[in-house]
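Mapping the sequence shown onto this note's numbering, position 82 (from 1) lands on 641, and the numbers just tick up by one.
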Amino acid sequence: MCEWYRAKFTCGHGFTGASEWCYLYSSTQKRCKVNVTQDDDRPKLCGSCIEELNKKAVPWEFMIKRPKAGTIRQINSKERYR
560 MCEWYRAKFT CGHGFTGASE WCYLYSSTQK RCKVNVTQDD DRPKLCGSCI EELNKKAVPW
620 EFMIKRPKAG TIRQINSKER YR
């Protein structure tokens with residue numbers, strides 16, 4: 560039977576992964592039933608929460624006029640060097 564671990568982050572999210580595959584999985588590529596053999600408490604945020612914190616907009620974001628996705632502003636060579 561495969562050995563699984565469960566990681567819990569401080570943000571409340573979790574992750575379950577295989578720590579060791581059994582011989583049956585190695586030969587057939589069919590997973591065994593999940594049987595968690597170890598629990599890890601990780602004192603950090605998960606990757607998606609870290610990304611979300613990094614994406615956080617500044618309070619004045621509503622004042623910034625950004626181009627819509629997929630549009631490219633064409634700049635003439637004369638305008639570029641003014």
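Note that beta-carbon positions come from the ideal geometry of N, C-alpha and C, so glycine has one too.
On a predicted model such as this, the values are computed, not experimentally measured, just so you know.
Looking only at DSSP bridge pairs, what is residue i linked to?
{"i": "residue 564", "result": "576 and 597"}
Express the C-alpha separation of residue j and residue i in angstroms, rounding to a whole number.
{"i": "residue 619", "j": "residue 625", "result": "13 Å"}
{"i": "residue 588", "j": "residue 561", "result": "12 Å"}
{"i": "residue 596", "j": "residue 609", "result": "27 Å"}
{"i": "residue 607", "j": "residue 585", "result": "31 Å"}
{"i": "residue 617", "j": "residue 623", "result": "10 Å"}
Can you tell which of the options has its C-alpha closest to the C-alpha of residue i?
{"i": "residue 559", "options": "573, 594 and 627", "result": "Coverage of the chain is limited to positions 560 through 641, which leaves residue 559 absent and any answer about it impossible."}
{"i": "residue 572", "options": "590, 604 and 583", "result": "604"}
{"i": "residue 575", "options": "627, 613 and 592", "result": "592"}
With a cut-off of 8 Å, do at least 3 Cβ pairs link the stretch 599-618 to the stretch 561-577? At 8 Å Cβ cutoff, the stretches touch.
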